[in-house]
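What follows is a set of notes on a single structure, which appears directly below.
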Amino acid sequence: MVTCYDASFARIIAHAELDCVLVGDSLGMVVQGRESTLPVTLDEIIYHTNMVRRGAKDIPIISDLPFMSYHSSVGDAISSAGRIMKETSADAVKLEGASDFNLSVIHRLREIGIPVMGHLGLTPQSFHVLGGYKVQGKSKEDQEKLIRDALNLEAAGAFSVVLEMVPANVAKEITTQLQIPTIGIGAGKYVDGQVLVLYDLLGMNPEFTPKFLKKYMNLYQTILESMKQYKRDVETETFPNEENSF
Ligand code: KIV
-18 MVTCYDASFA RIIAHAELDC VLVGDSLGMV VQGRESTLPV TLDEIIYHTN
32 MVRRGAKDIP IISDLPFMSY HSSVGDAISS AGRIMKETSA DAVKLEGASD
82 FNLSVIHRLR EIGIPVMGHL GLTPQSFHVL GGYKVQGKSK EDQEKLIRDA
132 LNLEAAGAFS VVLEMVPANV AKEITTQLQI PTIGIGAGKY VDGQVLVLYD
182 LLGMNPEFTP KFLKKYMNLY QTILESMKQY KRDVETETFP NEENSF
């Protein structure tokens, strides 16, 4: 699984036969250039989900419920998830955390027929209270809570859980205890699947080098060199040439 935000990348991801894509609220940081995911709106998630679907007709799409779109009441959560399902062709939604309130939201959405993916560990929408973007579940107490939360998400009806930035042994224990699939990001290899932020795995930001990330290419450098070459070609009148002219 990988995140995706537009039709061009969605087409490539579908051709590569990945299992599914996440229209993550990480788009706030990697596409919009914001400091966090908090400003991302429901309208923006809907807009990007529709672009992704145009590029990939058949791939399962999970769309993030953005910050404050599911927090104030179960009714609000239902109408936010309902908008995603009615106004896009997403297949499921994702929300962060396993508070009692979130569990009741998941239970209700499941009853209505909206599949929900959970998200535990580093939940970026709560980075203020988590003290930043760091590994979660280091203490015994926190590890037990993570396991409890994962079991509660499953019992509430989540079809899968993302585990972000948790120790590999904790992710392994959760994966063993759950029937539903775990999807890891910075959670080691003993999970059922992996997810990465598309722009991160393509190497779009040379300054972003977390331990969990593998960059499969240096797209920043490739694009930079292409831009410089294009500029040189235009300035030296090498482009356009006869071949590029009518
Ligand atoms: O928003 C996102 O991209 C995510 C992934 C990091 C799991 O939630």
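Numbered according to the working numbering, the sequence shown terminates at residue 227, and the numbering increases by one at each position without gaps.
A virtual CB, placed ideally from N, CA and C, is assigned to each residue, including glycine.
- For secondary structure counted as the beta strand (DSSP E) over 3 or more consecutive residues, the region -5 to 36 holds these complete runs in sequence order: 2 to 4.
- As a beta-bridge residue in DSSP terms, L177 pairs with V(-17).
- The criterion of a C-beta distance shorter than 9 angstroms is not satisfied by I26 and S53.
- T203: member of the alpha helix (DSSP H) spanning L200 to E216, first to last residue.
- Secondary structure of T219 (DSSP, three-state): coil.
- Secondary structure of I95 (DSSP, three-state): coil.
- Residue pairing by DSSP puts T163 in a beta bridge opposite V142.
- G63 is the residue among G63, R34 and Q175 whose C-alpha sits nearest the C-alpha of I95.
- Checking the DSSP bridge columns, you'll see H109 has no partner listed.
- Taking the Cβ atoms as the reference, V172 lies roughly 15 angstroms from V(-17), outside the contact range of under 8 angstroms.
- Between the region 208 to 222 and the region 180 to 196, the count of Cβ pairs shorter than 8 angstroms is below three; the stretches do not touch.
- Inclusion of A137 and S85 in the CB contact set at 9 angstroms is warranted, their separation being smaller than that value.
- The three-state reading of DSSP puts S(-11) in helix, counting H, G and I together.
- In this structure, the straight-line span from the alpha carbon of L200 to that of H(-4) is close to 19 angstroms.
- In this structure, E77 places its C-beta atom within 9 angstroms of the C-beta atom of H100.
- Each of T(-16), L3, G5, D6, S7, T18, D45, K75, H100, P105, V143, E145, I166, V176 and V178 has a C-beta closer than 7 angstroms to some heavy atom of ligand 1; these make up the full list, in chain order.
- A residue is called buried once 16 or more other Cβ atoms fall within 10 Å of its Cβ, and Y180 is buried on that count.
- Where K75 is concerned, the enclosing beta strand (DSSP E) starts and stops at A73 to K75.
- Uninterrupted beta strand (DSSP E) stretches at least 3 residues long and entirely within the region 45 to 87 occur at 73 to 75, given in chain order.
- Taking 9 angstroms as the cut-off, the beta carbon of I65 is found no closer than this to the beta carbon of V55.
- Rounded to whole angstroms, the gap between the alpha carbons of P41 and D57 is 25 angstroms.
- For L127, the enclosing alpha helix (DSSP H) begins and ends at K121 to A137.
- With 16 or more other Cβ atoms from the protein chains shown falling within 10 Å of its own Cβ, Y51 counts as buried.
- A straight line joining the alpha-carbon of G36 with that of I(-7) spans about 8 angstroms.
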